[in-house]
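Asker:
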Amino acid sequence: MVQFSAILPSFTGKVISAGHVRLLLLEQIGHGAYGVVYRALDLNAHPANPVQLAVKCQLRHPKASEYFDLQELEIAYHKSVCSHPNVLNLHQVIEEDNFIFLVLDYCPGGDLFTAIVDNGLFKRRDDRVKRIFLQILDAVYHCHRRGVFHRDLKPENVLCSANVDEVFLSDFGLATSTRVSTSFGCGSAYYISPECIGRETRAAPFLNSESDIWPLGIILANMITGRNPWKVACTLEDSAFAAYLHDPEDYLRRTLPMSPAARAVLLRILTFDPINRISLPDLRDMILAVDTFF
Numbered sequence: 001m002v003q004f005s006a007i008l009p010s011f012t013g014k015v016i017s018a019g020h021v022r023l024l025l026l027e028q029i030g031h032g033a034y035g036v037v038y039r040a041l042d043l044n045a046h047p048a049n050p051v052q053l054a055v056k057c058q059l060r061h062p063k064a065s066e067y068f069d070l071q072e073l074e075i076a077y078h079k080s081v082c083s084h085p086n087v088l089n090l091h092q093v094i095e096e097d098n099f100i101f102l103v104l105d106y107c108p109g110g111d112l113f114t115a116i117v118d119n120g121l122f123k124r125r126d127d128r129v130k131r132i133f134l135q136i137l138d139a140v141y142h143c144h145r146r147g148v149f150h151r152d153l154k155p156e157n158v159l160c161s162a163n164v165d166e167v168f169l170s171d172f173g174l175a176t177s178t179r180v181s182t183s184f185g186c187g188s189a190y191y192i193s194p195e196c197i198g199r200e201t202r203a204a205p206f207l208n209s210e211s212d213i214w215p216l217g218i219i220l221a222n223m224i225t226g227r228n229p230w231k232v233a234c235t236l237e238d239s240a241f242a243a244y245l246h247d248p249e250d251y252l253r254r255t256l257p258m259s260p261a262a263r264a265v266l267l268r269i270l271t272f273d274p275i276n277r278i279s280l281p282d283l284r285d286m287i288l289a290v291d292t293f294f
């Protein structure tokens, strides 16, 4: 994968503007393959009530290039779903000769990965696990109803409010509106569904809607246990996943400390055959019925 973020200059101290909007870019707070994210200050806000935003900075690609099309699609898909309260708001797109800037809400709580792994904010917190997981589920369901499939669901792409009472789905760089896919390997290894990997399904076309449900199970396991159940959902590459497929319930019981009710939820999500995978509305009902995840 081309790492465009590695060739971007520093934007610290840069002022970007469009119409009445003027933003001062402060420090870099994140990066990905295609861009870097800065915390920014709204220069039009009153000093007594400062307004912070996040700005995703990317190279501006030539119109005839593949990357230009991908950039335009990311913006279009994000705009089409950001009306939901748990999807990160995209306020504006500012273009310069060589760069493009996506103006987003700033989330001071960082990402869900940090909340889980570094801060341990979900340990023995049934209320928080249920509330936050349902917010993620509702955001994904909203996207699907709008015909947008995320294809890169993972804790790093879920951003948190300051007190981690709210989360926001972000980064639509791999999103698509194509319902049936042959784009194998799209996403992040720990979270890709078996059918998206394609090595054990003879590279058969698959539904992006069902493939998006699989990583929700991995994210839920992360929130409950702080662990990943395997490295990649392919028996040809991962003996742990092979052991899971041999006896799913026994494997989860032995390797991931969680309640029987939580284990039952994961078994409905992490089904090898996507036809048998639970739907998002049914998954919501199951989560609501869980008394304890621990």
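All letters in the sequence shown, in the order written, are residues 1 to 294 by our numbering. All C-beta atoms in this analysis are idealised placements derived from N, C-alpha and C, irrespective of residue type, glycine included. None of the values given here were measured: they were computed from a predicted structure.
With a 10 Å radius around its C-beta and 16 neighbouring C-beta atoms as the bar for buried, classify Ile213 as buried or exposed.
Answerer: Per the 10 Å Cβ criterion, buried.
Asker: Measure the C-alpha to C-alpha separation of Asp127 and Thr176 and round it to an integer number of angstroms.
Answerer: Roughly 33 Å between the two C-alpha positions.
Asker: When you compare the region 256–268 with the region 279–290, are there three or more beta-carbon pairs, one atom per stretch, that lie closer than 8 Å?
Answerer: They touch, by the three-pair rule.
Asker: If you run the structure through DSSP and keep just helix, strand and coil, what is Ile116?
Answerer: In the structure shown, Ile116 sits in a helix (DSSP, three-state: H, G or I).
Asker: With DSSP as the reference, please indicate the residues paired to Ile206 in a beta bridge.
Answerer: It is Phe, not Ile, that sits at residue 206 in the sequence shown. BP columns for Phe206 point to Ser181.
Asker: For Ile94, which three-state DSSP category applies?
Answerer: Three-state result, Ile94: strand.
Asker: I'd like the list of long-range same chain contacts for Gly217, defined as Cβ closer than 6 Å, with 5 residues on each side in sequence excluded.
Answerer: Excluding sequence neighbours, Gly217 sits near Leu266, Ile269, Leu270.
Asker: Quick check: Gly185 and Glu74, are their CB atoms within less than 7 Å of each other?
Answerer: Not in contact: Gly185 and Glu74 (Cβ atoms no closer than 7 Å).
Asker: Less than 6 Å between C-beta atoms, sequence neighbours within five positions excluded: which residues of the same chain meet that for Val232?
Answerer: Hits under 6 Å: Ala189, Asp238.
Asker: Could you check how far apart the C-beta atoms of Thr12 and Leu26 are, in whole angstroms? I think they sit under 8 Å.
Answerer: That belief holds up - the Cβ atoms of Thr12 and Leu26 are roughly 7 Å apart, short of 8 Å.
Asker: In the DSSP assignment, find the unbroken alpha helix (DSSP H) run with His144 in it and report its ends.
Answerer: Taken as a continuous stretch (DSSP letters only), the alpha helix (DSSP H) holding His144 covers 126–145.
Asker: When DSSP builds the beta bridges, which residues end up paired with Ala54?
Answerer: Beta-bridge pairing links Ala54 to Arg39, Leu104.
Asker: If you compare alpha carbons, which of Val87, Lys123, Asn98 is closest to Tyr141?
Answerer: When each option's Cα is compared against that of Tyr141, the closest is Val87.
Asker: To the nearest angstrom, report how far apart Thr114 and Glu156 are at their CA atoms.
Answerer: Near 8 Å, if we compare the C-alpha coordinates of Glu156 and Thr114.
Asker: Count the other CB atoms, across all protein chains shown, that sit within 10 Å of the CB of Ser193; report buried if there are 16 or more and exposed otherwise.
Answerer: Buried, since its Cβ has 16 or more Cβ neighbours within 10 Å.
Asker: Looking at the strands, I want to know which residues DSSP matches up with Arg22.
Answerer: Arg22 is bridged to Ser17.
Asker: Give me the residue from Glu195, Arg199, Glu200 with the minimum Cα distance to Phe206.
Answerer: The shortest C-alpha separation from Phe206 is found at Glu195.
Asker: Kindly confirm or deny that the region 27–43 and the region 4–19 touch, where touching means at least three C-beta pairs closer than 8 Å.
Answerer: Touching, yes, given that three or more Cβ pairs across the two stretches are closer than 8 Å.
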